[in-house]
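Notes to accompany the following structure.
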Amino acid sequence: GALTEQLIVHGPLTVIEIEERFCNDLSVRFPELKIINQDVRQVDLSELGPDLLVFGNLPYSFSTDIIFHLVRNRAFVSRAVLMLQREFAERMAASPGGKDYGVLSISCQIAADVTLGGVISGDSFHPRTEVESRLVELKFHKNDRFKIDDVTWFKRVVSAAFMMRRKMIRNSLRAANLVPIEELDKALSLAKINPMARPETVSIEEFAGLASILGDIKARLAIA
Numbered sequence: 005g006a007l008t009e010q011l012i013v014h015g016p017l018t019v020i021e022i023e024e025r026f027c028n029d030l031s032v033r034f035p036e037l038k039i040i041n042q043d044v045r046q047v048d049l050s051e052l053g054p055d056l057l058v059f060g061n062l063p064y065s066f067s068t069d070i071i072f073h074l075v076r077n078r079a080f081v082s083r084a085v086l087m088l089q090r091e092f093a094e095r096m097a098a099s100p101g102g103k104d105y106g107v108l109s110i111s112c113q114i115a116a117d118v119t120l121g122g123v124i125s126g127d128s129f130h131p132r133t134e135v136e137s138r139l140v141e142l143k144f145h146k147n148d149r150f151k152i153d154d155v156t157w158f159k160r161v162v163s164a165a166f167m168m169r170r171k172m173i174r175n176s177l178r179a180a181n182l183v184p185i186e187e188l189d190k191a192l193s194l195a196k197i198n199p200m201a202r203p204e205t206v207s208i209e210e211f212a213g214l215a216s217i218l219g220d221i222k223a224r225l226a227i228a
């Protein structure tokens with residue numbers, strides 16, 4: 005309840021807590037608090053209202069699941085301020101060209117502006133943790149930053165590209181067998197992506213263009 009205590013003075017607050025014992029403690033300390041005793045990953049955020057502002061010290065073992073849950077529900081979430089393991093937060097905000105840039109970076113940044121905040125040392129926790137934490141802010145867009153006709157297909161292309169992230173993007177996508185190799189070569193050329201580039205050097209905009217071209221090719225081949 006440490007975070008709850010700081011936030012509740014600013015207005016009506018809803019908390020989501022999976023542990024029933026903690027919910028009982030919170031209800032005693034903050035009688036005016038609305039408490040949902042549930043796994044946040046299963047909560048229908050649309051039922052809480054529009055333009056939600058989400059705060060959380062997320063359980064690090066479920067960070068990926070919770071972040072993707074927020075991304076899927078961004079129509080109802082305007083902003084999220086979260087504390088996460090430092091390396092995870094930095095992967096969310098990573099730019100093309102570095103080792104941290106990957107599927108998580110792209111998935112977050114097509115949906116939100118991602119801004120890193122301060123680093124929190126393990127000494128700030130009781131008991132002390134062995135890892136550092138970091139704040140991160142997501143300001144969600146109602147629509148994707150780039151034109152993406154089929155989000156599921158886009159994510160499949162990106163995931164395939166990073167399946168072997170140290171390989172050339174041509175080889176990674178070839179192994180995924182999304183389209184015949186000669187069509188893949190045409191698609192990379194049309195998207196102006198060097199087939200020998202590594203996936204971590206390809207921008208989100210370039211991935212969006214490539215996914216669109218590959219989608220058109222796949223549809224054409226299916227019709228044929």
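In this text, residue positions in the sequence shown follow the working numbering: the first is 5, and each later residue adds one.
Positions of the beta carbon are idealized from the N, C-alpha and C atoms, including for glycine.
Reduced DSSP secondary structure (H/G/I, E/B, other) of residue i
{"i": "methionine 1", "result": "With the chain running from 5 to 228 in the structure shown, residue 1 is simply not present."}
{"i": "serine 176", "result": "helix"}
{"i": "threonine 18", "result": "strand"}
{"i": "valine 81", "result": "strand"}
{"i": "leucine 56", "result": "strand"}
{"i": "proline 240", "result": "Since the first residue shown for the chain is 5 and the last is 228, residue 240 is missing from the structure and cannot be characterised."}
{"i": "arginine 95", "result": "helix"}
{"i": "arginine 45", "result": "helix"}
{"i": "arginine 160", "result": "helix"}
Nearest to residue i (by Cα), restricted to the options the options
{"i": "leucine 56", "options": "Ala191, Leu74 and Gln42", "result": "Leu74"}
{"i": "isoleucine 12", "options": "Glu91, Phe34 and Phe26", "result": "Phe34"}
{"i": "isoleucine 124", "options": "Ala215, Val44, Glu23 and Asn61", "result": "Asn61"}
{"i": "serine 99", "options": "Leu88, Leu120 and Asp154", "result": "Leu120"}
{"i": "leucine 182", "options": "Arg132, Met96 and Ala223", "result": "Ala223"}
{"i": "glycine 85", "options": "Pro131, Phe129, Leu7 and Asp153", "result": "Note that residue 85 corresponds to valine in the displayed sequence, not to glycine. Considering only alpha carbons, the answer is Leu7."}
{"i": "phenylalanine 26", "options": "Val162, Gln42 and Glu36", "result": "Gln42"}
{"i": "tyrosine 105", "options": "Gly53, Glu24, Ser163 and Asp154", "result": "Ser163"}
{"i": "valine 81", "options": "Phe144, Arg95, Leu225 and Glu9", "result": "Phe144"}
{"i": "phenylalanine 166", "options": "Glu141, Val107, Glu91 and Phe59", "result": "Val107"}
{"i": "proline 184", "options": "Thr156, Val135 and Ile221", "result": "Ile221"}
{"i": "alanine 179", "options": "Glu186, Glu187, Asp189 and Met168", "result": "Met168"}
{"i": "alanine 191", "options": "Glu204, Ala215, Gly53 and Met87", "result": "Ala215"}
{"i": "leucine 88", "options": "Glu136, Pro131, Gly102 and Phe72", "result": "Glu136"}
Bridge partners - residue i, DSSP secondary structure assignment
{"i": "asparagine 61", "result": "Met87"}
{"i": "leucine 139", "result": "Met87"}
{"i": "threonine 119", "result": "Glu141"}
{"i": "valine 155", "result": "Paired residues: none, contrary to the question."}
{"i": "lysine 1", "result": "Given a span of 5 to 228 for the chain in the structure shown, any question on residue 1 remains unanswerable."}
{"i": "isoleucine 124", "result": "Ser137"}
Range covered by the alpha helix (DSSP H) that runs through residue i
{"i": "threonine 68", "result": "67 to 76"}
{"i": "isoleucine 185", "result": "185 to 194"}
{"i": "isoleucine 110", "result": "107 to 113"}
{"i": "valine 32", "result": "24 to 33"}
CB contact below 8 angstroms: residue i versus chain C
{"i": "phenylalanine 80", "result": "Within the model displayed, chain C is absent; a lone protein chain is all it includes."}
Touch check for the region 103 to 115 and the region 51 to 66: three-plus C-beta pairs under 8 angstroms? no
Are at least three pairs of beta-carbons, each pair with one atom in the region 198 to 218 and one in the region 140 to 152, less than 8 angstroms apart? yes
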